[in-house]
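Beneath this line is the structure, given in structure tokens, with notes to follow.
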Amino acid sequence: MIIRNTLFALATITPVAYADNAATENNGNRLDAFELPDVEVIGTTPLGATGLSREKVSGNVQSAEDEDIQRHGALSLSDFMNRRLGSVNINDNQNNPFQPDVTYRGFNASPLLGTPIGLSVYQDGVRVNEAFGDTVNWDLIPKNAIANIDLIPGSNPLFGLNTLGGALSVRTKSGFSHAGTRAEAYGGSFGRKAFEAEHGGSKGDFDWFLSGNIFEDDGWRPFTKSAVHQAFGKVGWENGNTDLDLSFTFADNTLNGVGPVPISSLNTDRRAIFTAPDALQNTLFFFNLKAEHRFTDELSLAGNAYYRGNTTKSVNSNTGNVDETCETLINLTQCADSEGAIVAPASNVANLIVQDSSGINLQLTSTTPILGMENQMTVGGGYNDNSTDFTQSAQDAVFSPAQATIGTTPFATDVNVKSDTEYASIFATNTLSVLPWLNANASAGWNKANVTLRDQVGTALNGNHTFDRLNPSAGFTVNPLKALDIQSPLEELTVYGNYNEGFRTPTPIELSCADPNAPCSLPNSFTSDPPLKPVVSKTFEAGVRGKFSDALKWSAALYHSRLSNDILFVNAPGSVVSGFFQNVGLTQRQGAELGLNGNWKKLNWYLNYSFVDATYQTTATLNNALGTVRVKPGNRIPGIPQQTVKLGAEYEILKGWFFGGDLQYASSQYLRGNDNNSSQFPKVSEYAIVNLNTRYAVTKNVELFAMARNVFDANYETYGIINQNFFKGGRGEAFLGPGAPISGWAGVRVKFD
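Heads up: the sequence shown begins at 102 in this note's numbering, then just goes up one per residue.
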């Protein structure tokens, strides 16, 4: 309560604003020395201390600034990515805006255990994927502390373990880069109230930045009330050659979701639920010390040391009793087992996951020319230690008339397991400008992971698993117009190609739940299991980009990623809860991207089209909630729409009055569990939604704004799965995750230099 009141006071009392251009220019030397410029330099390693100009980067990197996030009125980082970045899509399987399953080029970054993760997420050089299941808690990334992001495609070995399809690098604000003060407050549909505030400044060699964020929402479906409280702080010191930054991220969030609902119920009531509650509480304490020292103009050393502690508490409702003997539902409070005895019809599962991570990372960068040719070489490495304490308890329950569970027995602890995961890495990358218009890059990263499991109840789960691999990468960029000394009408034309490999080790939860003869829930119970093989990703990408002017920039890319030993969570035959992890052989993601954007007079606009073909490339036997599924090469992987379109624009109608909107389109996708693409079940239908934003500067310090979502009130779904409808005799049915209806919010933003 004290923290909440403090954040509330900061958001509603402190007047705030971004620094104007003059403030940025006054600190220009500092910014040039240690901060990446806005969009022309790409951080090519997690630390991001050094980077390459975009013309030397052999990939379709997408970048964005804090102004872009604000312009969209985005609720969170994942919301912005879904609405703005190409090849990004969201499966809203929890029906909570802070718990999305984000896909990029068919690879996932999700907060849900059991999702096959293929993306790495970094905040200021620290990997924030959770050690236990490699999951990403999007609610723990403070939106109004973000300075800029890079979405880097491919199996980039420089971003370490588990980077199969891409990496997201988030860099936070500082007092030098974002001087001034700003605050905003808004409210509207679903009882939503939000407050944000930030302040940055500097004096001499010192700078500071503080931000706070409060979000409270009743949700548009029953049992979906949520509260997000985030805080971020950074202090820094910088002289001509050395830069030090110490940052702290805090979050205390309570998130409620109700998940997908049977299509038969959804056709009657869009707000319907299947069971409740599905509640989660995340608490984060994250300290990060970053440093960089320039020995000469051509040699620098950068590093960080961090501690990240995250505690996750959850309570999930399930159909069926704890012992899974419930077979025939009699009513909401009674179920019969196979012999006719009365048992509970429901259960609750409570989980406690305490995760502590710490580590150190270093990199040395040299820009010394070689034989008169521009060259940048970076070598580095790191060590990261992650410990997890997982405890799970369960109780029998009955259903209320609203199908919310009510516990009838005390919680009994079923599982208590601890895991230690150690990651070590060494990498090297070199980019050589062979000619002024030809750049060649070669990289390699060696990663080693050691996973130790310690059973706190018995000895069945004890185990030690070690994985290691050397992953290569090579690429080139060609600037043909520079070679021909042509500067117009086409500018900055770049042709590129690359090949890279990535490596994902099985996580502790996967290693503990891989036996088809002893399935477990997520997470429900663990057994001693046969070892899983690590996943290896091999990616080719080729593309071209350029611009005619700032009014029209464009890019196009083709990519092909092939994964061996992909790991999936599959249901035990006929079970709606239990399952196990298994290697499934070969899978493939390949596709094409086209991006257009520009700024013309008073108009800012963009268009992104993406095509992804995600398929199995092996014959395998999988399971869903109804039984066995046989997949064959060419079957599409469920949960991934083949086509997405992002279209948006903002126009200054009158001086200080801006009006904008964006459209999101996603084609149909197969239901999770329909891995053989059977026509027995419907697909998640294609959809298109339109959002609108407007803002008006009353004075140079005060701005009014409003935003509307799904303005045509489309009925749409973003997620689907095959499941048994427990309340309809256990029949197989499509369960869908409905999207929110039309909604709107309005507020005020104040700023001062």
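The beta carbon of each residue, even a glycine, is placed where N, CA and C say it ideally should be.
Note that the structure is a prediction, hence the values are computed from the model and not measured.
Can you check whether the CB of Gln-504 is closer than 9 Å to the CB of Phe-181?
no
Which runs of the beta strand (DSSP E) fall wholly inside the segment 440-467 and span at least 3 residues, in chain order?
447-467
Considering only DSSP beta bridges, list what Glu-297 is partnered with.
Beta bridge pairing from DSSP links Glu-297 with Glu-285, Asn-314.
I want to know whether the segment 243-251 touches the segment 584-598 - three or more CB-CB distances under 8 Å.
no
Thinking Asn-876 and Asn-383 are a contact (beta carbons under 8 Å), I'd like their distance in whole angstroms, please.
Only positions 102 to 854 of the chain appear in this structure, which leaves residue 876 out of reach.
Nearest neighbour of Thr-795, chosen from Phe-760, Val-142, Asn-422, His-661 [CA to CA]:
Phe-760
To the nearest angstrom, how far is the alpha carbon of Ala-809 from that of Arg-731?
44 Å
Looking only at C-alpha atoms, which of Asn-357, Leu-385, Lys-391 sits nearest to Ser-348?
Out of Asn-357, Leu-385, Lys-391, Lys-391 has the C-alpha closest to the C-alpha of Ser-348.
Three-state secondary structure (DSSP) at Gly-219?
coil
Span separating the alpha-carbon of Leu-433 from that of Phe-199
31 Å
For Asp-521, which residues from the same chain have a beta carbon less than 6 Å from its beta carbon, with the 5 sequence-adjacent residues on both sides left out?
Ser-488, Thr-553
Let me know the secondary structure DSSP gives Gly-845 once reduced to three states.
strand
Taking 8 Å as the threshold, find out whether the segment 279-286 comes into contact with the segment 199-217 through three or more Cβ pairs.
no
Secondary structure, beta strand (DSSP E): runs of 3+ residues fully inside the segment 631-666
Every unbroken stretch of the beta strand (DSSP E) spanning 3 or more residues and falling wholly within the segment 631-666 is given here in chain order: 636-650, 653-665.
Which value, in whole angstroms, describes the spacing of the CA atoms of Glu-694 and Pro-573?
So the two alpha carbons sit approximately 24 Å from each other.
Near Lys-549, what residues of its chain come up, given a Cβ to Cβ distance below 6 Å and the 5 sequence neighbours on each side ignored?
Ala-525, Asp-569
Is Phe-260 helix, strand or coil by DSSP?
helix
Where the beta strand (DSSP E) containing Pro-573 begins and where it ends:
Here the beta strand (DSSP E) through Pro-573 covers 564-579.
In angstroms with no decimal places, state the Cα-to-Cα distance between Gly-276 and Thr-688.
45 Å
Excluding the 5 residues preceding and the 5 following Thr-107 in the sequence, name in chain order all residues of the same chain whose CB lies nearer than 6 Å to its CB.
Because Thr-107 sits at a pLDDT of 37, beneath the cut-off of 50, its placement in the model cannot be relied upon, and the point is left open.
Name the DSSP bridge partner or partners of Asn-59?
Examination of residue 59 is not possible in this model, given that the chain is present from 102 through 854 alone.
Inter-residue spacing [alpha-carbon to alpha-carbon] between Asn-540 and Ser-534:
4 Å
Starting from Trp-758, follow its DSSP beta bridges and name the residues at the other end.
Answer by DSSP bridge pairing, in chain order: Leu-755, Tyr-797.
What are the uninterrupted segments assigned as beta strand (DSSP E) that are 3 or more residues long and contained completely in the segment 322-364, given in chain order?
The segment 322-364 contains these whole beta strand (DSSP E) runs: 327-339, 343-357.
Euclidean distance between Cα positions of Val-645 and Tyr-597:
Going by the C-alpha atoms only, they are around 6 Å apart.
Are the segment 320-336 and the segment 350-366 touching by the rule of at least three beta carbon pairs closer than 8 Å?
yes
Is the beta carbon of Asp-169 sitting closer than 9 Å to the one on Arg-185?
yes
Within the continuous beta strand (DSSP E) that includes Ile-507, where are the two ends?
Run containing Ile-507: 506-508, per the beta strand (DSSP E) assignment.
Secondary structure of Gly-255, DSSP reduced to three states:
Looking at Gly-255 - three-state DSSP - the assignment turns out to be coil, as it is neither helix nor strand.
In this structure, how does DSSP classify Ala-815 when only helix, strand and coil are distinguished?
Looking at Ala-815 - three-state DSSP - the assignment turns out to be coil, as it is neither helix nor strand.
For Ile-84 and Leu-400, I'd like the C-alpha separation in whole angstroms.
Residue 84 falls outside the range modelled here, since the chain spans only 102 to 854, and no answer is possible.
Identified DSSP bridge partners for Asn-792
Asp-763
Name, in chain order, the residues that DSSP records as bridge partners for Tyr-771.
Beta-bridge pairing links Tyr-771 to no other residue.
Please tell me whether Asn-263 and Ala-298 are closer than 9 Å, where the distance is taken between their beta carbons.
no
Identify the residues that DSSP records as bridge partners of Cys-436: which are they?
For Cys-436, the beta-bridge partners assigned by DSSP are Leu-430, Val-444.
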